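Undergrad: After the structure tokens below, expect a handful of questions from me.
In the numbering used here, the protein residues as written are 3 to 117.
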């Protein structure tokens, strides 16, 4: 018969063994969760001036990039003209329609920014 100390040692060994298998088993299985990017960063505190400036600058660059993707007034007028030119009859009341073939033609003529 085993002593109480031997039983505790054996229990600890088994616990460690199964814990390591469980922990290791998770790693060897699906590890895609390890590649998930961090999507939340806390806002910088008032005393972290450098981080606040960095956040402002990155936001300004992001907004500039997004505004370049938008159509300016001339491009928008051109797209509207092309859509109007390629509309499909018959008109239903006040609504003008366009079929898919004409839609593709407009997409080619309007350029990559309008896609």
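Each residue gets a CB set at the ideal place from its N, CA and C atoms; glycine is no exception. Values in this document were obtained by computation on a predicted structure and should not be read as measured data.
Roughly how many whole angstroms lie between the Cα atoms of residue 73 and residue 50?
TA: Here residue 73 corresponds to residue number 71 of the chain shown, with the count starting at 1. Here residue 50 corresponds to residue number 48 of the chain shown, with the count starting at 1. Their backbone Cα atoms lie some 37 Å apart in a straight line.
Undergrad: Kindly provide the ranges of any beta strand (DSSP E) runs that are 3 or more residues long and lie completely inside the region 58-104, ordered along the chain.
TA: Runs found: 90-94, 97-99.
Undergrad: Can you tell me the Cα-Cα spacing of residue 97 and residue 82, whole angstroms?
TA: Taking the chain shown and counting its residues from 1, the one referred to as residue 97 is at position 95. Taking the chain shown and counting its residues from 1, the one referred to as residue 82 is at position 80. Whole-angstrom Cα-Cα distance: 14 Å.
Undergrad: Residue 80 and residue 47: beta carbons closer than 9 Å?
TA: Counting from 1 along the chain shown, the entry for residue 80 is found at position 78. Counting from 1 along the chain shown, the entry for residue 47 is found at position 45. Cβ atoms of residue 80 and residue 47: not closer than 9 Å.
Undergrad: Let me know the secondary structure DSSP gives residue 109 once reduced to three states.
TA: On the chain shown, position 107 is the one that residue 109 refers to. Residue 109: helix per DSSP, three-state reduction.
Undergrad: How would you call residue 108, buried or exposed, if buried means at least 16 neighbouring beta carbons within 10 angstroms?
TA: One-based indexing of the chain shown puts residue 108 at position 106. Answer is buried; the Cβ neighbour count reaches 16.
Undergrad: Compute the Euclidean distance between the alpha carbons of residue 104 and residue 61, then round it to the nearest angstrom.
TA: The residue labelled residue 104 in the question sits at position 102 within the chain shown. The residue labelled residue 61 in the question sits at position 59 within the chain shown. If I take the Cα positions, the gap works out to 38 Å.
Undergrad: Would a C-beta distance cut-off of 9 Å place residue 71 and residue 115 closer than the cut-off?
TA: For this step, residue 71 is matched to residue 69 along the chain shown. For this step, residue 115 is matched to residue 113 along the chain shown. Result yes, Cβ atoms of residue 71 and residue 115 sit closer than 9 Å.
Undergrad: Which of the three DSSP states, helix, strand or coil, is assigned to residue 41?
TA: The residue given as residue 41 occupies position 39 in the chain shown. Reduced to three states, the DSSP call for residue 41 is coil.
Undergrad: Assuming residue 100 and residue 78 are in contact, meaning their beta carbons sit under 8 Å apart, how far apart are those beta carbons, in whole angstroms?
TA: Indexing the chain shown from 1 puts residue 100 at position 98. Indexing the chain shown from 1 puts residue 78 at position 76. Residue 100 to residue 78, Cβ: 17 Å. No contact.
Undergrad: So what does DSSP say about residue 10, is it helix, strand or coil?
TA: Within the chain shown, the letter at position 8 stands for residue 10. Correct three-state label for residue 10: helix.
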